[in-house]
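Numbering (this note's numbering), first residue to last: 247 to 572.
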Amino acid sequence: MPPDSLRLRRLRGTEGMRAILNETTVDPSDFIAPVFVRYGSGLVEPIAALPGVNRYSVDKVAGYAARLSDAGIRAMLLFGIPEAKDELGTQAYAADGIVPSAIREVKRAVPSMLVMADVCLCEYTSHGHCGVTRDGQVDNDETLPLLGKAAVAYANAGADVVAPSAMMDFQVRALRGALDQNRLQRTLVMGYSAKFSSSFYGPFREAAGSAPSFGDRKGYQMPPGNGREALREIESDLDEGADLVMVKPALPYLDVISRARARFDAPIAAYNVSGEYAMLKAAGSRGWIDEKAAALEVLTSIKRAGADLIITYFAEEAAGWLRGSR
Ligand code: PBG
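Next up, the structure:
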């Protein structure tokens, strides 16, 4: 081919040409909606740092699940906010706790909704760490059975997927073992495999009241610069029996998603976290960016990097935008 004959703009010349050559699409069935469930009743409580996202009391969560389902969202990921916290995070694994109650409500009202439950202690411990502390340190192996108990409580309530996010070593194996011992072989485990110690979790910690009261999470969450180590985390979760793996956050770690996609054939989820959402909402509300276009661009980029599923606070809204554009 003569060097001056390749004109890539020919590929973009018309709307029709762009449509048939489009490489990456996002669909509402790619999205998982994170949902905060709190104690109390009759409450739908806005979260200042997450405009458009609410905390729902257990009696209000089924209505929201129905709305998500109507929007075409197939899955939600539940986080619980208990009334009382303690050293051992006991409300995380109480059989009648917030999350098991919410799971039952959702499954009763919208049986087709896939219910995923985050498994961690940080929303339930008085100190806000993701595991049990001993001498000011988070103790890995003492935490594992508690995570296992939480997973069993959620699976017994009807969760389809349990998702350990505490970044303890062997947390996937601990959940798989506890589930299997309790005849819960059908419940999937989605590992928060490569979860980075990120400054983008701020709004979530406000929403869940889960900021650590001392220290930080650098002793268990991953350092932002370590891509190879992230792949080792994913590999070890798969070895431990994870059905799905995750990279979190999404945007600052698109390269990790992409490398994981090239290396592993398991389904990969990416968590487009609270701070990533809040940035777009903040700039959008000031008119500094076109929020809708920016959000769809971000979601498309996460998919293009190789994620099969995107956990995003934009789920319901983006589903509406996508429907409007068809
Ligand atoms: C709990 C957990 C966190 C997030 C998901 N699960 C917070 C944290 O690790 O501090 C953050 C999600 C988000 O920012 O949207 N361990």
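Built from N, CA and C at the ideal position, the CB exists for glycine as well.
Item to complete: Would you kindly report the start and end of the unbroken alpha helix (DSSP H) that includes Thr389?
Response: Asn386 to Ala403
Practice prompt. Please indicate yes or no: does the CB of Gly473 lie closer than 7 Å to some heavy atom of the ligand PBG?
Written response: no
Discussion item. Quick check on Thr260: buried or exposed, where buried means 16 or more other Cβ atoms within 10 Å of its Cβ?
Written reply: exposed
Item to complete: Give me whichever residues DSSP pairs with Gln383 in a beta bridge.
Response: Arg380
Worksheet item: Are Ser411 and Val356 closer than 8 Å when you measure CB to CB?
Response: Between Ser411 and Val356, the CB-CB gap reaches or exceeds 8 Å.
Practice prompt. Output the boundary residues of the alpha helix (DSSP H) element that contains Pro449.
Written response: Gly448 to Ala454
Worksheet item: Are Met436 and Asp489 touching if we call contact CB-CB under 8 Å?
Response: Less than 8 Å separates the beta-carbon of Met436 from that of Asp489.
Worksheet item: If we ignore side chains and look at the alpha-carbon of each, how far apart do Phe460 and Glu479 end up?
Response: 26 Å
Discussion item. Using only the alpha-carbon positions, how far apart do Ser358 and Ser347 sit?
Written reply: 17 Å
Discussion item. Less than 8 Å between the C-beta atoms of Met362 and Leu323, yes or no?
Written reply: Between Met362 and Leu323, the gap from beta carbon to beta carbon is short of 8 Å.
Worksheet item: Less than 7 Å between the CB of Ser439 and some heavy atom of the ligand PBG, yes or no?
Response: No; taking the cut-off as 7 Å, the Cβ of Ser439 has no heavy atom of the ligand PBG nearer than that.
Practice prompt. Work out the CA separation of Leu267 and Ser251 for me, nearest whole Å.
Written response: 20 Å
Worksheet entry | Selected residue, minimal CA-CA separation from Ile278, among Ala516, Trp534 and Ala528 | Ala516
Worksheet entry | Cβ neighbour criterion (16 or more within 10 Å) applied to Val290 | Exposed, because fewer than 16 other Cβ atoms sit within 10 Å of the Cβ of Val290.
Practice prompt. Measure the alpha-carbon distance for Gly473 versus Val502 and round it to whole angstroms.
Written response: Computed Cα separation, rounded: 6 Å.
Discussion item. Short of 6 Å in beta carbon distance, which residues of its chain neighbour Gln417, apart from the five on each side in sequence? Order them along the chain.
Written reply: Leu393 and Pro410
Worksheet entry | Per DSSP, cross-strand counterpart(s) of Met492 | Ala515
Worksheet item: Can you check whether the CB of Ser303 is closer than 8 Å to the CB of Gly286?
Response: yes
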